[in-house]
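Chains as they are written, first to last, in the numbering used here: chain C, 2 to 1089; chain S, 7 to 386. Comments concern the structure below.
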Amino acid sequence: MPRRQDLHSILILGSGPIVIGQACEFDYSGVQACKALRADGFRIVLINSNPATIMTDPEMADRTYIEPITPEVVAKIIEKERPDAILPTLGGQTALNCAMQLHDMGVLEKFGVEMIGAKPASITKAEGRLEFRDAMEAIGLECARSRLAYSMSEARAALDEIGLPCVIRPGFTMGGSGGGIAYNLEEFEEICGRGLSMSLNSEVLVEESIVGWKEYELEVVRDKKDNVIIVCSIENFDPMGVHTGDSITIAPAQTLSDREYQLMRDAAIACLREIGVDTGGSNVQFAINPRDGRMIVIEMNPRVSRSSALASKATGFPIAKIAAKLAVGYTLDELDNDITKITKACFEPTIDYCVVKFPRWAFEKFPTADSVLTTQMKSVGEVMAIGSTFKEAMQKALRGLETGRNGFGNVPGKPHCKPEECDLESIRPHLVTPRADRIDWVRTAMLAGMTVEKVQEATNMDPWFLDQLAELIHHEKELAERAGRGLDQLDAAFLRRTKAIGYSDRQIAAACPGKVTEWAVRDHRKRLGIVPVYKRVDTCAGEYPSATPYLYSTYAGSEDEVDTPGKAPTGKQRVIVLGGGPNRIGQGIEFDYCCVHAALALRELGYETVMVNSNPETVSTDFDTSDMLFFEPLTHEDVMNVIDRLQPHGVIVQFGGQTPLNLARGLRDHGAPLVGTSVDSIDAAEDRELFSALITRLGIDQPPNGMAANAEQALAAAERIGYPVLVRPSFVLGGRAMEVVYDRAGLESYMERHRAFSEERPLLVDKFLDAAIEVDVDAIADGENVAIGGIMEHIEEAGIHSGDSSCSLPPYTLTEGLAAEIAEKTRRLAKELRVVGLMNVQWAVRGPKVYILEANPRASRTVPFVSKAIGQPLAKMAARTMLGETLQDVGIQERLDLPFFCIKAPVFPFNKFLGVDTVLGPEMKSTGEVMGIDKRFGTAFAKAMVGAGNSLPTEGKVFVSVRDEDKRLILPLIDRLHGLGFSIVATGGTAKALENAGIPVQRVFKIHEGRPHVLDMLVNREVRLVINTPSGRRERSDDRLIRSSAVTQRIPCITTLAAASATIQGLEAWLKKPLEVCPLQEYHAQLG
Amino acid sequence: MNKTARPPARLVLEDGTVLHGFGFGADADSIGELVFNTSMTGYQEILTDPSYRGQTVLLTQPHIGNYGVNSEDEESAKLWLSGLVVREACVRASNFRSATELSDYLAQHGVPGIDGVDTRMLTRRVRDHGEQRVLITRDVSTPDAALVERVRSAPRVADVDHVQKVTTETTYRWDRGYESVFNPPAPGAAKDRPRIVAYDFGAKRNILRSLAVCGLDVTVVPALTPAAAVLEMKPDGVFLSNGPGDPAICSYAIESAKVLVQKLPVFGICLGHQILSHVFGGKTYKMKFGHHGGNQPVIDLLTEKVEITSQNHSYAVDPKSLPDAVEITHKNLNDDTVEGLRHKELPVFSVQYHPEAAPGPHDALYLFRRFVELLEAGKC
């Protein structure tokens, strides 16, 4: 059955900004859908507020709307574009929820838009807790006992029936937001209250706890002819109780007999049939009681998900692409298997390797957050590794995480105690309570002599997995013994065995006496002929030839499946692009976007492109993106092995963020042909002394600064420079441990908390430019000439990490003269550094003076945003310059003046880390960003705010509480708010200041002044907007509670004066004129 | 726990390749024809499937033995295959039903295994060059070349009538339905207990269980049982089972079936399906490497629906050889090979794949119901 002929135009909903629980996987699925459906001749209308996505590249759709994904905005787009259908199953929970709201509002019916991929009735049945349970019971499947509640009193009644411990799951939220496990009444009250407020329909499910059971997930695809296939089975290493997104997971399932597995398969299929998913993919989660095999259905998602991306990468079966095709009428049996090209998509992939996914958390960014892993997802990214066995895959995953581990074993700073001194009883709690480092505690426990049985008892992890780890511990001891006699004593047979179970050269080096480097181990093993072979991920375990070079390395094999060694069979030259590894705060989809662009541009130039990456969520690890894909950890060893094997013409390290840059020097020193800006130039920009000398030579100013090896030096430097100062350790990146301190006491307190600095690793002390405007510039150069991509003015003043600031392109207050000066100085710097490719420079402007803050000769987080704004693919162009083209060749045109405003706004994970202060500083905390575009600055800013998930009010109460310094400046702003019809609420000092200025204000109690106080107003959602600027010098106790309470209640909370000003401009614009939508293609047409 | 304690072993291929790995299971030399099976679960069922007689089975799933061996999942009373080749054999099983470790199970049945070899490479070898004979040995002294010679002089699967080696010696009644709670609901429910005779060419127990659970009265007879003897039992239908080897060798079975199809409803699975094709004048041929796995898509040409099937066959029916009276009902979606047949006039049908699963998906269980319906239609 070919595609439906009655559909012509399809609206695809994206998933918006990257947040915990919704990351790049929905760009991956959206891109697959856009490509697949356009290839079939459909007209694609796309909406996504996230500019860092490949799917919002203007050539991916016919009409691309970078607008907030709210039902109101999408309704406008529907009215304008009149699509025949809306496809909501590829944009995560955001898209699904938005589509359901459009359905409920009657918008779809009004404009005759058909929901495809999943029907509203099916979505309701799958997402509504009660409906789902009834549906499962109707087909004879067991669910955990549960009761629904829509209020606290109903929740308490439910508890009487279910008992403690119990699981609380809010309806219609993503990533388990607001849910949790309650072991006592207090926790129960807290989690239910939060869940009710976060649930779209104020619904929580109170459920029997099956904590400790084994957890599984099946990825299922079904077509309209009722052909159903299981694409992949996934088994969790962490048992029930830890969100799947926070679990280590393994594909395929390892500990189910065929009898058990087939019943699970039957159940999954029955579930899809009952729910009514008949043109797409879903995942169904199960729990199994390890004692008797009792099976319980946990939930199903009637859409593609994070785990479908994982399953696609694990098997080579592109679920999102197939799901999109099924949604428009194809059936599985008429679609091809893209990997083999000779078989059909209607089959079940089988794999002859083991896949391990390991989550990556960012608790170091939120030191006060509760780091216990629960049913609410907290990880920000993940790494996937493929190995011949679980052991090899697990070790590859651990070293691919980039958390300092080199595998399972030889982990710096671990074990937590010397095995002989370890007290098993003190280890046990770390096994019982799941946290990010539980895997290290498992190792510590085993080293200390705890048996697998005891570890199993404490963790409920399946003994099969623990036995595998115990085998590694056993081998580690043998390795230590043999390597202890010297590297050259490791013979080929032993080394081969060691490598086959995943030990890295670094782990082996660490086991050798003296200072043996990983490079020495590498030389030694290469002399012994021990190199990995590359095997293909082919969907069929080798049964059919694979036409697609999607590869993984293994040391446990003898035959290699890379075609013709040395050079590409086509005679083309090969270029390797190194990806960014697992997502983390500070390094995410923006860098993947750049890597994908590099691959696409170089393929167009006639190179054979090779991607090396370890992140299963991304577009870069789609086997379609490059000519060859190596799914490998980004370490010296793994990357050099690929380089050895392929003998590439060039290697690109500039695009994947800090990850490949950290490898650059090592790779170059061992013969890798890096292209683009030289490693020395990159270092010159990063080395403080070299950089100071360089900019002095160029006549560029920087804020006064100093370095300190000890506390006295630090205090002296601060005195000399003058407070406030910005302090940070010299060896960390991404703003880690960076703080602004305002006085001697602050600095002393900082040094108390961050002791780790020394002669080699000094503390950096910079003058903090209070109230300066920060400016970000992205430039591109070919070694001779420099073009400015964009000048972005931050909304928040300097001192807030650039990744956490909103910014405007073009600048909205900066004078033309200053902009020109910044552009000119950026050019001067790029020329001096002989930049070939991209460079990002951060400037601070105070009064008439321009200071440089830092320069990074590499792709930056803002490259995709700038590219979308100016309509030119900067990353593609940069990749071409790196392969020798000039700026003239690539045809870049500087567009410093745009006829519209583009606002980038950050999105924060505070709702996942409740209680954590939301105030911004030099350390980056945002997980993603959105873009707002409009002719007017205010409207563009409002769009960005709404896109970032803030419900901007049009009326009601605004709570204002600002620090003393801001009181005078806030008055005119509040006056304007009042003028817009908002009523103002304030406490103490702020209220007085407003009264004095003649602005009507409702005074409210501070927390300690009596009830009802400000928090009561927030909890009751009487307030629609909060403006709260924190005191720089001393934390005022109420502020923190006010801000975190606002986050809990989903009330927009503005913490800087500049943002308040921009927001009020936005409100003014919005209230004056309804929001208009306009596709990117039309904006770009205005650029001529 | 300590895998390194395992003895070294060699896997010697007919083409001269010698791989080094580690031995588990029985300490015995054994030669078989190498086939690969891509099922990710169900090794116990594969080990006990009589159809593997004469073959050394390579399982592509790298970890084998994880959930041990239990008393409920056996497909026959013994292990029939010549040897087992895996990436990594599990040392200690983890499953509440497990009673025996994989290696001990193999040892008890005298079957050697080897792990630590590049199973993907071997799979590709079989895929590209066809099934070939291989030796598993823990002999560390004999030179490679001499072992290769030994392999080359061993008999081929096709030269032996394996059916006569695996079939039951006596006639017996089978009345056990599914023996484990981990089974699907009965695929059919016969009303007044029709009696059938099941030819055992190497029948898997789950076929017999599936027939019994549908309410059939099942009598199992040896492969050499003449048609007259079957007719004497006055059954309502006949079932032809799966089994090992080349169907063309089983002339006795073809002769019996020729008589029976004229008189009774007949259902054939795998070898039984191939025998039926010979009965109607069709031919079978040896495939390069057959279908062995749990993910083969089969399209029902009538409904155009695809079922994911469990398969284990090295021979297939040549569609061009079939007479007009026989209709192809099912085809393999990937390579168009014949997967199911139906006689246009007689109540006879057969499938190449395994509706009884064990191991594999349950998608094709409905075929047992179809057989029950055929029997009941024949009665009235």
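Positions of the beta carbon are idealized from the N, C-alpha and C atoms, including for glycine. As the structure is a prediction and not an experimental result, all values here were calculated from the model.
- The segment 103–116 of chain C and the segment 75–86 of chain C touch, with three or more beta-carbon pairs separated by less than 8 Å.
- With a 10 Å radius around the Cβ and a threshold of 16 neighbouring Cβ atoms, residue 202 of chain C comes out exposed.
- Among the residues of the segment 236–266 of chain C, those with a Cβ less than 9 Å away from any Cβ of chain S are 253, 254, 255, 256, 257, 258, 259, 260, 261, 262, 263, 264 and 266, in the order of the chain.
- Contact between residue 119 of chain S and residue 128 of chain S is absent: CB atoms are separated by about 14 Å, not below the 8 Å threshold.
- The C-beta of residue 81 of chain S has 16 or more other C-beta atoms within 10 Å across all chains shown, which makes the residue buried.
- Per DSSP, the beta bridge partners of residue 116 of chain C are C:87.
- When C-alpha distances from residue 288 of chain S are compared across S:318, S:332 and S:273, the shortest belongs to S:332.
- Only residues of its own chain outside the window of five on either side were considered, and among them 59, 64 and 65 have a CB closer than 7 Å to the CB of residue 1082 of chain C, listed in chain order.
- With fewer than three CB-CB distances shorter than 8 Å, the segment 918–929 of chain C does not count as touching the segment 8–16 of chain C.
- Distances from the alpha-carbon of residue 289 of chain C to those of C:276, C:241 and C:303 put C:241 closest.
- For the options C:848, C:150 and C:859, the alpha carbon positioned closest to that of residue 681 of chain C is the one of C:859.
- At a cut-off of 3 residues, the continuous stretches assigned as beta strand (DSSP E) that sit fully inside the segment 152–216 of chain C are 167–171, 181–183 and 205–209.
- The beta-carbon separation of residue 76 of chain C and residue 103 of chain C, rounded to 6 Å, stays under the 8 Å limit for a contact.
- Close to residue 226 of chain C, with beta-carbon spacing below 7 Å, are these residues of chain S in chain order: 310 and 311.
- As the crow flies, the alpha-carbon of residue 938 of chain C is around 8 Å from that of residue 903 of chain C.
- Around the beta-carbon of residue 997 of chain C, fewer than 16 other beta-carbon atoms lie within 10 Å, marking it exposed.
- Secondary structure at residue 237 of chain C: strand, using DSSP grouped into helix, strand and coil.
- A distance below 6 Å between beta-carbons, with the five flanking residues on each side excluded, links residue 126 of chain C to the following residues of its chain, in chain order: 132, 136 and 276.
- Taking a contact to require three or more Cβ pairs closer than 8 Å, the segment 579–590 of chain C and the segment 649–659 of chain C qualify as touching.
- Apart from sequence neighbours up to five positions away, the residues of its chain that approach residue 784 of chain C with a beta-carbon distance below 7 Å are 835 and 837, ordered along the chain.
- Contact note: residue 73 of chain S reaches chain C through 256, 257 and 258, using a C-beta cutoff of 7 Å and chain order.
- Residue contact check for residue 279 of chain C against chain S: no CB pair falls below 8 Å.
- Contact between the segment 591–606 of chain C and the segment 471–484 of chain C is absent: fewer than three C-beta pairs spanning the two stretches fall below 8 Å.
- Straight through space, the alpha carbons of residue 325 of chain S and residue 402 of chain C are spaced by roughly 53 Å.
- Under the DSSP assignment, residue 525 of chain C falls in the alpha helix (DSSP H) whose first and last residues are 519–528.
- Neighbours of residue 560 of chain C in chain S, taken as residues at a C-beta separation under 8 Å, are given in chain order as 124, 126, 127 and 130.
- Taken atom to atom, the span from the alpha-carbon of residue 20 of chain C to that of residue 122 of chain S is near 43 Å.
- Contacts with chain S at 8 Å (Cβ-Cβ) include residue 464 of chain C.
- Contact between the segment 33–48 of chain C and the segment 314–330 of chain C is present, with at least three C-beta pairs closer than 8 Å.
- Its chain contains 483 as the residues whose beta carbon lies nearer than 7 Å to that of residue 495 of chain C, once the 5 sequence neighbours on both sides are disregarded; these appear in chain order.
- Under the three-state reduction of DSSP, residue 215 of chain S is assigned to helix.
- Between residue 233 of chain C and residue 312 of chain C, the gap from beta carbon to beta carbon is short of 8 Å.
- Nearest C-alpha to residue 764 of chain C among C:669, C:706 and C:534: C:706.
- Taking CB atoms only, residue 292 of chain C has a neighbour in chain S less than 8 Å away.
- Within the segment 960–993 of chain C, the runs of beta strand (DSSP E) at least 3 residues long that lie entirely inside it are, in chain order, 984–987.
- Contact check for residue 4 of chain C against residue 329 of chain C passes: the beta carbons are separated by less than 8 Å.
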